[in-house]
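K.L.:
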Amino acid sequence: VSKILGLALGILAAIGGFVDIGDLVFNVSAGATFGYELMWVVVIGVVGIIVYSEMCGRVAAVSGKAVFDAIRERVGFKAALGALVASEVVNLMTLAAEIGGVAISLQLLSGLPYRWLIVLAIVGLAVIVWVTSFEWLERIFGYGGLCLLVFAVAAVKLTPDWGKVGNGFLPHLAQNNKLLYAYFAVGLLGAALTPYEVYFYSSGGIENRWSPKDIRLNRANAIIGYGLGGFLSFALMITGGALFLGHGISPEHLGTIALGAENPLGRIGLLFALVGILFAVGGASIDTVFSGAYNLAQFCGWEWGRYRHPRGAPRFALTWLVLLALALAIVMTGVDPVMLTEYAVIFSVVALPLTYIPILLVANDKTYMRHYGNGRFANILGLFYLLVIMIVALAAVPLMLLTNVGQN
Amino acid sequence: MKRVVLVVVALALAGCNGGTVDRHALTRDASTLDSIACEGALLAHDVARGRTTAYFAREQAEELRIQSSNLADALSRRKTVPGIEQKVRKKAKDAARLASTLQRLHDHPTEQAVGTTVEQELKKAGGCP
Numbered sequence: 091v092s093k094i095l096g097l098a099l100g101i102l103a104a105i106g107g108f109v110d111i112g113d114l115v116f117n118v119s120a121g122a123t124f125g126y127e128l129m130w131v132v133v134i135g136v137v138g139i140i141v142y143s144e145m146c147g148r149v150a151a152v153s154g155k156a157v158f159d160a161i162r163e164r165v166g167f168k169a170a171l172g173a174l175v176a177s178e179v180v181n182l183m184t185l186a187a188e189i190g191g192v193a194i195s196l197q198l199l200s201g202l203p204y205r206w207l208i209v210l211a212i213v214g215l216a217v218i219v220w221v222t223s224f225e226w227l228e229r230i231f232g233y234g235g236l237c238l239l240v241f242a243v244a245a246v247k248l249t250p251d252w253g254k255v256g257n258g259f260l261p262h263l264a265q266n267n268k269l270l271y272a273y274f275a276v277g278l279l280g281a282a283l284t285p286y287e288v289y290f291y292s293s294g295g296i297e298n299r300w301s302p303k304d305i306r307l308n309r310a311n312a313i314i315g316y317g318l319g320g321f322l323s324f325a326l327m328i329t330g331g332a333l334f335l336g337h338g339i340s341p342e343h344l345g346t347i348a349l350g351a352e353n354p355l356g357r358i359g360l361l362f363a364l365v366g367i368l369f370a371v372g373g374a375s376i377d378t379v380f381s382g383a384y385n386l387a388q389f390c391g392w393e394w395g396r397y398r399h400p401r402g403a404p405r406f407a408l409t410w411l412v413l414l415a416l417a418l419a420i421v422m423t424g425v426d427p428v429m430l431t432e433y434a435v436i437f438s439v440v441a442l443p444l445t446y447i448p449i450l451l452v453a454n455d456k457t458y459m460r461h462y463g464n465g466r467f468a469n470i471l472g473l474f475y476l477l478v479i480m481i482v483a484l485a486a487v488p489l490m491l492l493t494n495v496g497q498n
Numbered sequence: 014m015k016r017v018v019l020v021v022v023a024l025a026l027a028g029c030n031g032g033t034v035d036r037h038a039l040t041r042d043a044s045t046l047d048s049i050a051c052e053g054a055l056l057a058h059d060v061a062r063g064r065t066t067a068y069f070a071r072e073q074a075e076e077l078r079i080q081s082s083n084l085a086d087a088l089s090r091r092k093t094v095p096g097i098e099q100k101v102r103k104k105a106k107d108a109a110r111l112a113s114t115l116q117r118l119h120d121h122p123t124e125q126a127v128g129t130t131v132e133q134e135l136k137k138a139g140g141c142p
């Protein structure tokens with residue numbers, strides 16, 4: 091019974107924790123621009139994150155090593171340093187965007203000044219991380235993020251053309267505006283495959299003290315949790331397509347996304363949407379700040395982990411505090427969190443190979459994995475996704491420049 | 014490596030127009046203004062029916078107002094390519110009018126009558142369905 095309960099709790103947390111500010115922005119904007127035509131890209135992205143999360147969760151359960159531990163050991167100092175720098179830059183950009191998102195959600199709920207709310211968000215997150223156990227951090231933000239299911243209700247209430255929605259799942263190219271279509275496809279893949287998710291997932295496996303006995307739990311968590319998280323992405327894209335495309339609206343603010351639930355469902359829909367966004371981006375802030383601290387600590391061989399008291403892993407605790415302070419400095423410059431999100435997602439796409447290649451290598455390394463290494467199916471999927479990742483990593487920056495960050 | 018840098022710089026230059034408004038930029042800014050107006054109309058629709066909260070309506074109207082006000086400012090000051098200056102300046106005035114309509118929604122986020130008139134004005138301004 092306790093295993094089933096643990097699985098259910100893990101899945102619930104994964105559903106609520108899958109959607110972050112990048113998913114919110116790219117899914118709704120893609121829907122508002124191309125209707126349901128890009129649903130198939132979300133499927134590819136969700137399967138990709140399932141494949142690699144399962145792999146790195148298995149590595150953590152069998153070898154007791156998180157992703158960056160393994161990267162450091164397997165690919166050598168120079169390549170690992172490159173991966174570390176790239177991941178830390180992208181993590182910091184994402185963290186700043188998520189914290190900006192927390193402050194905007196609070197502002198839309200309370201009407202208080204934005205800059206005060208940025209400070210409140212940072213202090214609040216620091217206190218929550220300091221006093222709450224890892225398990226409860228996952229649960230609180232995961233369950234709160236479930237309020238985003240209001241977008242599934244909104245999507246149904248908006249009565250989309252379900253035939254067109256179904257067609258959107260079939261891979262196809264755009265009839266016109268091909269560059270913008272490709273830009274959104276890259277953005278959706280980047281938002282789904284964001285590197286911090288696998289860093290956090292594998293380190294979380296260590297925090298939860300997974301062992302080879304938990305390999306099935308890991309697989310179920312990854313497949314069902316991220317799969318249902320993808321369901322939220324579909325709901326967001328359908329809402330964008332059914333409401334904003336028809337009205338000629340291109341969403342450029344986080345509040346516009348909440349408007350997508352308010353219009354069909356009224357005040358209660360709005361409140362659920364704002365609370366859901368608050369918890370989703372708040373949870374993602376914690377995931378990113380921990381990912382940054384995990385990566386540095388694992389690279390340097392420091393003591394790390396939230397299950398230890400900060401005094402037991404002082405450099406780890408100091409790292410996440412410094413990352414929060416740096417994110418505060420970035421958001422206080424007045425940078426637009428939505429724009430920052432777009433840059434963070436696109437640059438994370440460029441850094442994807444540095445994260446995913448070592449995971450595939452380690453998952454095939456018998457010295458780490460013994461007889462729990464990748465099977466043929468996992469390797470075929472892994473190689474397919476590596477190819478996809480290499481293509482989108484090469485295309486990301488040119489597409490961003492050519493489409494003026496998706497503006498035309 | 015040099016070639017890669019040159020390609021990136023060329024792409025970056027292709028992505029910006031040096032601050033001069035050309036036909037393409039004018040079309041893009043015009044569609045942004047229509048998008049702002051239609052979003053404002055959707056928000057005003059919910060204000061008119063009491064289906065939103067005062068804080069949300071006020072803050073979201075303010076975001077849209079700032080965006081259209083910035084566009085008005087940019088379109089009234091920036092250089093234009095020959096032949097489209099009048100159109101650009103007219104768009105600047107439209108953007109300023111849009112900002113002032115959104116200001117009314119920001120100032121009266123709970124008044125349903127204001128919501129109704131603002132919705133009609135914004136729908137007309139943005140050519141919204």
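Protein sequence lines correspond, in order, to chains A and B.
In terms of the working numbering, the first sequence is residues 91 to 498.
In terms of the working numbering, the second sequence is residues 14 to 142.
Ideal Cβ positions, reconstructed from N, Cα and C, are used throughout, including at glycine.
Among B:E124, B:I49, B:A61, which residue has its Cα nearest to the Cα of N83 (chain B)?
P.N.:
B:I49
K.L.:
Considering only C-alpha positions, which residue in the set A:L477, A:I436, A:H461, A:L476 is nearest to A176 (chain A)?
P.N.:
A:I436
K.L.:
Which of the three DSSP states, helix, strand or coil, is assigned to V34 (chain B)?
P.N.:
V34 (chain B) carries a strand assignment under DSSP once its states are collapsed to helix, strand and coil.
K.L.:
Which residues, in order along the segment 33-65 of chain B, keep a beta-carbon less than 7 Å from a beta-carbon of chain A?
P.N.:
R41, D47, S48, C51, E52, L55, L56, D59, R64, T65
K.L.:
Considering only the beta carbon of each residue, do I162 (chain A) and A150 (chain A) sit closer than 8 Å?
P.N.:
According to the sequence provided, residue 162 (chain A) is Arg. The question's Ile does not apply to it. Taking C-beta atoms as the reference points, R162 (chain A) and A150 (chain A) fail to come closer than 8 Å.
K.L.:
Which same chain residues, not among the five before or five after G258 (chain A), have their C-beta less than 6 Å away from its C-beta?
P.N.:
Y126, E127, M129
K.L.:
Taking the Cβ atom as the reference point for each residue, do V165 (chain A) and P448 (chain A) lie within a distance shorter than 8 Å?
P.N.:
yes
K.L.:
Would you kindly check if the distance between the Cβ of L322 (chain A) and the Cβ of F231 (chain A) is under 8 Å?
P.N.:
no
K.L.:
Mind checking which residues open and close the alpha helix (DSSP H) that includes N83 (chain B)?
P.N.:
67-90
K.L.:
With DSSP as the reference, identify every bridge partner of T93 (chain B), one or two as the case may be.
P.N.:
B:V34
K.L.:
The alpha helix (DSSP H) with Y126 (chain A) in it runs from where to where?
P.N.:
Premise fails: Y126 (chain A) is in no alpha helix (DSSP H) and is neither H nor E.
K.L.:
Measure how close the beta-carbons of A272 (chain A) and A485 (chain A) come, nearest whole angstrom, since I'm counting them as under 8 Å.
P.N.:
7 Å
K.L.:
Who are the near neighbours of K254 (chain A) in its chain, counting only those whose CB is closer than 7 Å to its CB and skipping five residues on each side?
P.N.:
G125, Y126
K.L.:
Taking three-plus beta-carbon pairs below 8 Å as touching, is the segment 334-351 of chain A in contact with the segment 50-63 of chain B?
P.N.:
Yes: the two stretches touch, three or more of their Cβ pairs being nearer than 8 Å.
K.L.:
Which whole-angstrom value is the C-beta distance of L413 (chain A) and G382 (chain A), which I expect to be below 8 Å?
P.N.:
5 Å
K.L.:
In the segment 192-210 of chain A, which residues sit with their C-beta less than 8 Å from some C-beta in chain B, listed in chain order?
P.N.:
For the segment 192-210 of chain A, which is checked against every Cβ of chain B, the residues closer than 8 Å are Q197, L198, L199, S200, G201.
K.L.:
Is there a Cβ from chain A that is less than 8 Å from the Cβ of R91 (chain B)?
P.N.:
no
K.L.:
With a threshold of 6 Å on Cβ separation, who are the neighbours of F116 (chain A) within its own chain once the five nearest residues in sequence on each side are excluded?
P.N.:
G277, L278, A281
K.L.:
Short check: CB of G465 (chain A) to CB of V141 (chain A), under 8 Å?
P.N.:
Against a cut-off of 8 Å, the Cβ pair of V141 (chain A) and G465 (chain A) comes out as no contact.
K.L.:
If you measure between the beta carbons of S143 (chain A) and A312 (chain A), is that distance less than 8 Å?
P.N.:
yes
K.L.:
Would you call the segment 55-70 of chain B in contact with the segment 348-368 of chain A, where contact means no fewer than 3 C-beta pairs closer than 8 Å?
P.N.:
yes
K.L.:
Looking at C-beta atoms only, is the number of pairs between the segment 373-387 of chain A and the segment 84-92 of chain B that lie closer than 8 Å three or more?
P.N.:
no
K.L.:
Below 9 Å on C-beta distance, what does Q73 (chain B) contact in chain A?
P.N.:
By Cβ distance, chain A contributes L198, H343, G345, T346, A348, L349.
K.L.:
Counting only Cβ pairs nearer than 7 Å, list the residues of chain B close to N353 (chain A).
P.N.:
L55, D59
K.L.:
Considering only the alpha carbon of each residue, which of B:V127, B:T114, B:I97, B:H121 lies closest to T40 (chain B)?
P.N.:
It is B:I97 whose Cα lies nearest to the Cα of T40 (chain B).
K.L.:
Using a beta-carbon distance cut-off of less than 8 Å, what residues from the segment 76-101 of chain B approach chain A?
P.N.:
E76, L77, Q80
K.L.:
Of the residues A:V137, A:V157, A:S119, which one's Cα is nearest the Cα of L451 (chain A)?
P.N.:
A:V157
K.L.:
With a cut-off of 8 Å, does the C-beta of L270 (chain A) fall near any C-beta of chain E?
P.N.:
Chain labels in this structure do not include chain E; the protein chains are A and B.
K.L.:
Provide the residue span of the alpha helix (DSSP H) that contains S200 (chain A), from first to last.
P.N.:
167-200
K.L.:
Is there a C-beta anywhere in chain B that falls below 8 Å from the one on L335 (chain A)?
P.N.:
no
K.L.:
Mapping DSSP to helix, strand and coil, what is C237 (chain A)?
P.N.:
helix
K.L.:
I'd like to know if Q497 (chain A) contacts chain B, where contact means its C-beta is closer than 8 Å to some C-beta of that chain.
P.N.:
Yes, Q497 (chain A) lies at the interface with chain B (some Cβ there is under 8 Å from its Cβ).
K.L.:
Whose C-beta lies closer than 6 Å to the C-beta of S293 (chain A) among residues of the same chain, with five residues either side of it excluded?
P.N.:
A156, Y384
K.L.:
With distance defined between alpha-carbon atoms, name the residue in A:G424, A:V478, A:G234 nearest to I189 (chain A).
P.N.:
With distances taken between Cα atoms, I189 (chain A) lies closest to A:G424.
K.L.:
Just the chain B side, please: which residues come within less than 7 Å of L360 (chain A) by C-beta, in chain order?
P.N.:
Near L360 (chain A) (Cβ distances below 7 Å), the residues of chain B are T65, T66, F69.
K.L.:
Give the straight-line distance between the Cα atoms of Q116 (chain B) and T130 (chain B), rounded to the nearest whole angstrom.
P.N.:
13 Å
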